[in-house]
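Enquirer: Top to bottom, those sequences are chains A and B.
Okay, so the first sequence: first residue is 1 according to our numbering, each after it adds one.
Okay, so the second sequence: first residue is 368 according to our numbering, each after it adds one.
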Amino acid sequence: MKTNNKEPLFHVVRRDDMSRKKAWTIRGIALVAALIVCALITTALTGDNPLSVYATIVSGAFGSNRKTWVTFQNLSVLLIISLALTPAFRMKFWNCGGEGQVLIGGLASAATMILLDGKLPNVLVIIIMITSSILAGAIWGLIPALFKAIWNTNETLSTLMMNYIATQLVAFYTVVWENPKGSGKIGIINQNSCVGWLPEIGNKYFLSVLVAIVITVILYIYLYYGKHGYEVCVVGESERTARYVGIKVEKVIIRTMVLSGALCGVAGLLLVGGINHTITTTIAGGQGFTAIMVAWLAKFNPITMIFTSFLIIFLDRGAGEIATVFELNKSFSDIITGIILFFIIGCEFFISYKVVFNSKNAKEERK
Amino acid sequence: MKKLTALLISVVMVVSLCACGNAAANTASDSNADAQASEGTTVKAGFICLHDENSTYDLNFINAAKEACDSMGIEYVIKTNIPEGQECADAAMELADEGCNFVFADSFGHEDYMIEAAKEYPEVQFAHATGTKAHTEGLENFHNAFASIYEGRYLAGIAAGMKLNEMIDAGEITADQAKIGYIGAYTYAEVISGYTSFFLGARSVCPSATMEVTFTGSWYDETAEKEGANTLIKNGCVLISQHADSMGAPTACETAGVPNVSYNGSTASVAPNTFIVSSRINWAPYFEYAIGCMQSGTAIATDWVGTIATGSVCLTEFGDTVAEGTADAVEAAKADIEAGKVHPFDITTFTVEGKQLDSYEADVDTDADYTPDHDVVVDGYFNESGEEFRSAPYFDVRIDGITLLDEQY
Numbered sequence: 001m002k003t004n005n006k007e008p009l010f011h012v013v014r015r016d017d018m019s020r021k022k023a024w025t026i027r028g029i030a031l032v033a034a035l036i037v038c039a040l041i042t043t044a045l046t047g048d049n050p051l052s053v054y055a056t057i058v059s060g061a062f063g064s065n066r067k068t069w070v071t072f073q074n075l076s077v078l079l080i081i082s083l084a085l086t087p088a089f090r091m092k093f094w095n096c097g098g099e100g101q102v103l104i105g106g107l108a109s110a111a112t113m114i115l116l117d118g119k120l121p122n123v124l125v126i127i128i129m130i131t132s133s134i135l136a137g138a139i140w141g142l143i144p145a146l147f148k149a150i151w152n153t154n155e156t157l158s159t160l161m162m163n164y165i166a167t168q169l170v171a172f173y174t175v176v177w178e179n180p181k182g183s184g185k186i187g188i189i190n191q192n193s194c195v196g197w198l199p200e201i202g203n204k205y206f207l208s209v210l211v212a213i214v215i216t217v218i219l220y221i222y223l224y225y226g227k228h229g230y231e232v233c234v235v236g237e238s239e240r241t242a243r244y245v246g247i248k249v250e251k252v253i254i255r256t257m258v259l260s261g262a263l264c265g266v267a268g269l270l271l272v273g274g275i276n277h278t279i280t281t282t283i284a285g286g287q288g289f290t291a292i293m294v295a296w297l298a299k300f301n302p303i304t305m306i307f308t309s310f311l312i313i314f315l316d317r318g319a320g321e322i323a324t325v326f327e328l329n330k331s332f333s334d335i336i337t338g339i340i341l342f343f344i345i346g347c348e349f350f351i352s353y354k355v356v357f358n359s360k361n362a363k364e365e366r367k
Numbered sequence: 368m369k370k371l372t373a374l375l376i377s378v379v380m381v382v383s384l385c386a387c388g389n390a391a392a393n394t395a396s397d398s399n400a401d402a403q404a405s406e407g408t409t410v411k412a413g414f415i416c417l418h419d420e421n422s423t424y425d426l427n428f429i430n431a432a433k434e435a436c437d438s439m440g441i442e443y444v445i446k447t448n449i450p451e452g453q454e455c456a457d458a459a460m461e462l463a464d465e466g467c468n469f470v471f472a473d474s475f476g477h478e479d480y481m482i483e484a485a486k487e488y489p490e491v492q493f494a495h496a497t498g499t500k501a502h503t504e505g506l507e508n509f510h511n512a513f514a515s516i517y518e519g520r521y522l523a524g525i526a527a528g529m530k531l532n533e534m535i536d537a538g539e540i541t542a543d544q545a546k547i548g549y550i551g552a553y554t555y556a557e558v559i560s561g562y563t564s565f566f567l568g569a570r571s572v573c574p575s576a577t578m579e580v581t582f583t584g585s586w587y588d589e590t591a592e593k594e595g596a597n598t599l600i601k602n603g604c605v606l607i608s609q610h611a612d613s614m615g616a617p618t619a620c621e622t623a624g625v626p627n628v629s630y631n632g633s634t635a636s637v638a639p640n641t642f643i644v645s646s647r648i649n650w651a652p653y654f655e656y657a658i659g660c661m662q663s664g665t666a667i668a669t670d671w672v673g674t675i676a677t678g679s680v681c682l683t684e685f686g687d688t689v690a691e692g693t694a695d696a697v698e699a700a701k702a703d704i705e706a707g708k709v710h711p712f713d714i715t716t717f718t719v720e721g722k723q724l725d726s727y728e729a730d731v732d733t734d735a736d737y738t739p740d741h742d743v744v745v746d747g748y749f750n751e752s753g754e755e756f757r758s759a760p761y762f763d764v765r766i767d768g769i770t771l772l773d774e775q776y
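Printed below as a string of C-alpha cells:
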C-alpha cells in the first residue's frame, strides 16, 4: 500500500546569523515595497498622484516650523511611554498597563493643579505635581507587580485591568471637576493664572523633547551598563538561573515595575501639565498600547526606539494631513498607515526566520 | 555603531533641511496673511471638526461650511478628527500659519484651545460654536455662536404632541399614558434646554403629556443610546426623542415601532416607518455673516444667536408617520414665535416644584463654582440665549412633569 506521506511545501527555520547590513537591507526593501503597494492602492481608489500623497505625508510632519515641533513633541511622548515599558519587557513582564499608568499620572497632575490653585506658590505646586504623578504611576505599576511577585498572577491580565480602573477614575473626577456644570469637560485648568503649568523652555514644545532625551540616555545606561539592567535580563532569560545566582527575583520584579510605572507617570505629567493642561479619559490616546509595538519593533533597545516611535508618529501626522489636503476620509490614511506597518512588522519575520522549501533532495536526506 | 551614527546624522540633516526650507516658506505666507487682513477683503477660512462626516453633528457643520464658502467664492480648509485637547490649538495655529484669517471650531471642548490660539494670533478671527466664554474672555478676535434651537425643539415638540393626540384619539393609549421618552447626553444646560422646550411644545398641544429622561454620558455612544431608548420604551414611553449624535435611538425606535423625533438632521433613512421630524441648526447663515463682516471690515459679534428669521433654526421634512394637520400647527406656532406672541419658555406654562418661576439666577459667566450671576427671567419668560447674556444655552431648570431617571452624568 502506498502511504501518502505528504510533506508540507516549506517549513520555517529560526536564524540568528543575519548580519546587521543584510537586516537593514531587508527593512529597506520592505519599506519600498510598502510604498509601491500604497501607490497602487492610492491611484486605484482615488486617482490622486501617489507621489503627491507621499509629499503630503512629509509636509504633514514637517511642513512648517510648528508642524515640525509638534511632530517632535508627539514623538517624545510616545518614546517616553515606550521607554517606560522597556525595562519590564526585557524582564519578560508583559506590562500592558501603560495606558492606565499614564492616565493615573495625568490624573495626579490635574488634581494637584485644581486643588492647590491659589493655595501654594506656583513653584511648590509644580514640585508636588511632579512628585505626585510619578508616585501615582509607580503605584499603578507596583500593584500588578506585587500580585505577580507574591501569587504569580498573570501580569498581562492584571495590568490590562488596571487600565480600566484608571479610566473610570478619570471619568469620575471629570464629572466632579467639570466646567461648566453638566458639560462632562474640565477644559483648560487655570487657563488665566497658569498655576501648575510646566515651564516653557525655549518654546512650548521643547520641554517634552528634552525630557525624552534625558530619559533615553539614562535608561540606556541603566539597562546596558548597570547592575540592575543585568539582573533584569537574567530574570527575563530564566527565573531559575536568576535564583541560582542569588538574584532576589521578587525584588527585581517589583523594582522594575515601579520604574516602568513611574516613567509612565512622567508621560502623564507632560501630557497634562506641559501639553494639554486638562485631563480626559482619552488623553493617553491609546499610546500605552502603541508603545508596546514601538518597543517590540525596536527589540527593546532605547536608541532604536527613537526611530520606531518616529516612524509611527511620522505616519500618524502625515495621515492627518492627507485627510485634510485631499479631502479624503481619515479611514483612507489609516489604510495607508496600516499597509506600511504591515510590511515593516512583516519583514521582521524574514529577519528572524528563514523559509526552507522542501525539495526532493531534502526528503531523501531525511530518509 | 558607526553606521548607526552615520544614519542618525543623515536623518538629522534631512530633517533640519526640511525645517529650514519650510520655515522660509512659512514666513512668506505669514506676511501674505497680514496683508490680506489689513485690506479686510480677502478671507480664507479654516474649519476644525471633532469627527468627520460619519457623525451627524459634524456633517451638519461640514455641509454648511462648504455651502457658505462656495457661495461666497472663498478658499477654505477643513480639518477633521481634531480631538478636544492641545491638538485643537495646534490645528488652529497651523491653519493661521497657512494663511487662514477666519478659523472656526465646532465642538464644545475645543473652546479653551481656540482661546489659546486667539491669544497667539491677534490678527486672526477665531469663532467657536456652542462655547460660553467669549463674553467674559475680553478677546477682540474670539467669538461664540449658537442658535435659538430651543425654538426648533419647541416646534418639533408640537409635532410630537400632535402624534400623541392622534394615538389618544385612535384609542391606542389613554390620555394618561401619553409619556414621552428622551435620551440626553449629559445634564448640560444645552441638553436640558433642548428637552424642556421639546416637552413644552408637546404639552402645548397635548396637555396630559409627561416625560422621562435618561442620560448616556457621551455625545456619541450608539450602544448606550440604543439601550436608553429600549429602557424608556419598556417603561411605557410611547414616543422617543434624543439629544445625542448617533443613530442608536432612531434604530431602536424603528425596531420597536415607536415614533421618533430626531435632531441634527433627518434620520428617515434608518427609521422610515417611525421618523416624524427633526430640528437642526443650519450653520451656513453664521459663516456667511462672519465672513461677510470680515470682507466689509466690520467687527464680528462676540455672541451671535441664529434664529428662525436668519434661517439658522430649521425643521426637516416630515416623515410618513406624522399626524394629520401637523404641518399647519407647526407653521402657526412658528409664525407666533417669530411675531413674539409665543415664547417657548413662557413662565406661565410650567412650574418648578409646584411654583411659578418668577426669577432665576443662571450661571451665565462660566466659573468653576457654577456661581449664579444673572437673573434671566425677563418680561414673563425665561430669556434663553438672550442678547444681553450669551449665545450658548443656560436653561438648567428641572421643571415639573419631567422625570430624570438618572443624573450621574
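Each residue gets a CB set at the ideal place from its N, CA and C atoms; glycine is no exception.
How should Leu9 (chain A) be labelled, buried or exposed, when 16 other C-beta atoms within 10 angstroms of its C-beta is the threshold for buried?
Expert: In the first sequence, residue 9 (chain A) corresponds to position 9, counting from 1. Per the 10 Å Cβ criterion, exposed.
Enquirer: Looking at the C-beta of Ile344 (chain A), does it have a partner C-beta in chain B at a distance below 9 Å?
Expert: For the purposes of this step, residue 344 (chain A) is taken as residue 344 along the first sequence, with counting starting at 1. Ile344 (chain A) does not count as touching chain B.
Enquirer: Would you list, in chain order, the members of the region 263-289 of chain A that have their beta-carbon closer than 8 Å to a beta-carbon of chain B?
Expert: Against chain B - using a Cβ distance shorter than 8 Å - the residues of the region 263-289 of chain A are Ile275, Asn276, His277, Thr278, Thr280, Thr282, Ile283 and Gly285.
Enquirer: Can you look up Leu771 (chain B) in the DSSP assignment and give me helix, strand or coil?
Expert: Sequence index remark: in the second sequence, residue 771 (chain B) carries index 404 (1-based). It is a strand residue.
Enquirer: Under 8 Å: do the region 137-147 of chain A and the region 255-264 of chain A share three or more Cβ pairs, one atom per stretch?
Expert: Output reads yes: the region 255-264 of chain A touches the region 137-147 of chain A.
Enquirer: Would you mind reading off the limits of the alpha helix (DSSP H) that contains Arg20 (chain A)?
Expert: Reading the first sequence from its first residue, position 20 is the one you call residue 20 (chain A). Taken as a continuous stretch (DSSP letters only), the alpha helix (DSSP H) holding Arg20 (chain A) covers Arg20 to Thr46.
Enquirer: Grab the span of the alpha helix (DSSP H) containing Ser133 (chain A) for me, first residue to last.
Expert: Within the first sequence, residue 133 (chain A) is the residue found at index 133, counting from 1. Note, Ser133 (chain A): alpha helix (DSSP H), Asn122 to Trp151.
Enquirer: Can you check whether the C-beta of Pro450 (chain B) is within less than 9 Å of a C-beta belonging to chain A?
Expert: Working through the second sequence from its first residue, we reach residue 450 (chain B) at position 83. Cβ-Cβ to chain A under 9 Å: yes for Pro450 (chain B).
Enquirer: Does DSSP put Phe332 (chain A) in a helix, in a strand, or in coil?
Expert: As a first step, residue 332 (chain A) is located in the first sequence; it is residue number 332 there, counting from the start. Helix.
Enquirer: Considering Cα atoms alone, identify which of B:Ala759, B:Asp767, B:Gln775 and B:Ile766 is closest to Glu557 (chain B).
Expert: Within the second sequence, the letter at position 190 stands for residue 557 (chain B). Nearest option by C-alpha distance: B:Ala759.
Enquirer: Please check the pair Ile344 (chain A) and Ala34 (chain A), which I expect to be a contact at CB under 8 Å, by giving their CB distance rounded to whole angstroms.
Expert: Taking the first residue of the first sequence as position 1, residue 344 (chain A) is located at position 344. Taking the first residue of the first sequence as position 1, residue 34 (chain A) is located at position 34. Right, the Cβ-Cβ distance comes to about 7 Å (below 8 Å), so this counts as a contact.
Enquirer: Would you mind reading off the limits of the alpha helix (DSSP H) that contains Trp296 (chain A)?
Expert: Within the first sequence, numbered from 1, the residue matching residue 296 (chain A) stands at position 296. Gln287 to Leu297 is the extent of the alpha helix (DSSP H) around Trp296 (chain A).
Enquirer: So Asn179 (chain A) contacts chain B; which residues on that side make the cut at Cβ distance below 7 Å?
Expert: Taking the first sequence and counting its residues from 1, the one referred to as residue 179 (chain A) is at position 179. Residues of chain B passing the Cβ test: Thr733 and Ala735.
Enquirer: Between Asn95 (chain A) and chain B, is any beta-carbon pair separated by less than 9 Å?
Expert: Counting from 1 along the first sequence, the entry for residue 95 (chain A) is found at position 95. No, Asn95 (chain A) lies away from the interface with chain B (no Cβ there is under 9 Å from its Cβ).
Enquirer: List the residues of chain A that His460 (chain B) touches, going by C-beta distances under 7 Å, in chain order.
Expert: Taking the first residue of the second sequence as 1, we reach residue 460 (chain B) at position 93. Rather than His, the amino acid found at residue 460 (chain B) in this sequence is Met. Ordered by position in chain A, the residues that pass the 7 Å Cβ test against Met460 (chain B) are Arg66.
Enquirer: Distance, Cα to Cα, Asn65 (chain A) vs Phe289 (chain A)?
Expert: On the first sequence, position 65 is the one that residue 65 (chain A) refers to. On the first sequence, position 289 is the one that residue 289 (chain A) refers to. Roughly 29 Å separates the two Cα atoms.
Enquirer: Closer than 9 Å, Cβ to any Cβ of chain B: which residues of the region 327-343 of chain A, in chain order?
Expert: Those residues of the region 327-343 of chain A that come within reach of chain B (Cβ to Cβ, closer than 9 Å) are Glu327, Asn329, Lys330 and Ser331.
Enquirer: According to DSSP, is His477 (chain B) part of a helix, a strand, or is it coil?
Expert: Within the second sequence, residue 477 (chain B) is the residue found at index 110, counting from 1. Of the three classes helix, strand and coil, the one that applies to His477 (chain B) here is helix, per DSSP.
Enquirer: Determine the burial state of Tyr443 (chain B): buried for a count of at least 16 other Cβ atoms within 10 Å of its Cβ, exposed for fewer.
Expert: Numbered from 1 along the second sequence, position 76 holds the residue referred to as residue 443 (chain B). Counting Cβ neighbours within 10 Å, Tyr443 (chain B) comes out buried, since at least 16 surround it.
Enquirer: With a threshold of 9 Å between beta-carbons, can Ala556 (chain B) be considered close to chain A, or not?
Expert: Locating residue 556 (chain B) in the second sequence gives position 189, where the first residue counts as 1. Yes, because at least one Cβ of chain A sits closer than 9 Å to the Cβ of Ala556 (chain B).
Enquirer: For Gly528 (chain B), which residues from the same chain have a beta carbon less than 6 Å from its beta carbon, with the 5 sequence-adjacent residues on both sides left out?
Expert: Translated into the one-based positions of the second sequence, residue 528 (chain B) becomes position 161. Same-chain partners within the cutoff: Ala569, Val572 and Cys573.
Enquirer: What three-state label does DSSP hand Tyr443 (chain B) in the structure shown?
Expert: Here the question's residue 443 (chain B) lines up with position 76 in the second sequence. It is a strand residue.
Enquirer: Contact defined as beta carbons within less than 8 Å: I believe Ala485 (chain B) pairs with Phe493 (chain B). What is the distance between those atoms, to the nearest angstrom?
Expert: Numbered from its first residue, the second sequence carries residue 485 (chain B) at position 118. Numbered from its first residue, the second sequence carries residue 493 (chain B) at position 126. So it is a contact: roughly 4 Å between Cβ atoms.
Enquirer: Answer yes or no: do Asp746 (chain B) and Asp740 (chain B) have a C-beta to C-beta separation smaller than 9 Å?
Expert: The residue you call residue 746 (chain B) lines up with position 379 of the second sequence. The residue you call residue 740 (chain B) lines up with position 373 of the second sequence. Result no, Cβ atoms of Asp746 (chain B) and Asp740 (chain B) do not sit closer than 9 Å.
Enquirer: If you reduce the DSSP assignment to three classes, tell me which class Val102 (chain A) lands in.
Expert: For the purposes of this step, residue 102 (chain A) is taken as the residue at position 102 of the first sequence. Here Val102 (chain A) sits in helix by DSSP.
Enquirer: Do you know offhand how far Gly721 (chain B)'s Cα is from Ser560 (chain B)'s?
Expert: As a working mapping, residue 721 (chain B) is identified with position 354 in the second sequence. As a working mapping, residue 560 (chain B) is identified with position 193 in the second sequence. Approximately 19 Å between the Cα atoms of the pair.
Enquirer: Would Pro121 (chain A) be called buried (16 or more neighbouring beta carbons within 10 Å of its own) or exposed?
Expert: Taking the first residue of the first sequence as position 1, residue 121 (chain A) is located at position 121. By the neighbour-count rule (16 or more Cβ atoms within 10 Å), Pro121 (chain A) is not buried but exposed.
Enquirer: Is the distance from the Cβ of Cys194 (chain A) to the Cβ of Ala84 (chain A) below 9 Å?
Expert: Residue 194 (chain A) sits at position 194 when you count from the first residue of the first sequence. Residue 84 (chain A) sits at position 84 when you count from the first residue of the first sequence. No, the Cβ-Cβ distance between Cys194 (chain A) and Ala84 (chain A) is not below 9 Å.
Enquirer: Given this structure, state the Cα-to-Cα distance separating Ile445 (chain B) from Glu434 (chain B), to the nearest angstrom.
Expert: For the purposes of this step, residue 445 (chain B) is taken as the residue at position 78 of the second sequence. For the purposes of this step, residue 434 (chain B) is taken as the residue at position 67 of the second sequence. Distance between the alpha carbons of Ile445 (chain B) and Glu434 (chain B) is about 13 Å.
Enquirer: How is Gln609 (chain B) classed by DSSP in three states: helix, strand or coil?
Expert: The residue labelled residue 609 (chain B) in the question sits at position 242 within the second sequence. The answer is strand: DSSP assigns Gln609 (chain B) an E or B state.
Enquirer: Per DSSP, what kind of secondary structure is Trp671 (chain B) in: helix, strand or coil?
Expert: Within the second sequence, the letter at position 304 stands for residue 671 (chain B). If DSSP states are grouped into helix, strand and coil, Trp671 (chain B) belongs with the strands.
Enquirer: Please list the terminal residues of the continuous alpha helix (DSSP H) segment that includes Arg243 (chain A).
Expert: Sequence index remark: in the first sequence, residue 243 (chain A) carries index 243 (1-based). Residues Glu239 to Tyr244.
Enquirer: Please go through the same chain and pick out, in chain order, the residues whose beta-carbon is closer than 8 Å to the beta-carbon of Leu368 (chain A), but skip the five residues on each side of it.
Expert: Outside the shown range of chain A, which is 1 to 367, sits residue 368 (chain A), and nothing can be said about it.
Enquirer: Classify Ser19 (chain A): buried if its beta carbon has 16 or more other beta carbons within 10 angstroms, exposed otherwise.
Expert: Translated into positions along the first sequence, residue 19 (chain A) becomes position 19. Exposed, because fewer than 16 other Cβ atoms sit within 10 Å of the Cβ of Ser19 (chain A).
Enquirer: Considering only C-alpha positions, which residue in the set A:Leu79, A:Pro50 and A:Gly346 is nearest to Ile312 (chain A)?
Expert: Walking along the first sequence from the start, residue 312 (chain A) turns up at place 312. Measuring from the Cα of Ile312 (chain A), the nearest candidate turns out to be A:Leu79.
Enquirer: Could you give the uninterrupted runs of the alpha helix (DSSP H) lying entirely in the region 500-539 of chain B, keeping only those of 4 residues or more?
Expert: Here the runs fully enclosed are 501-504 and 516-536.
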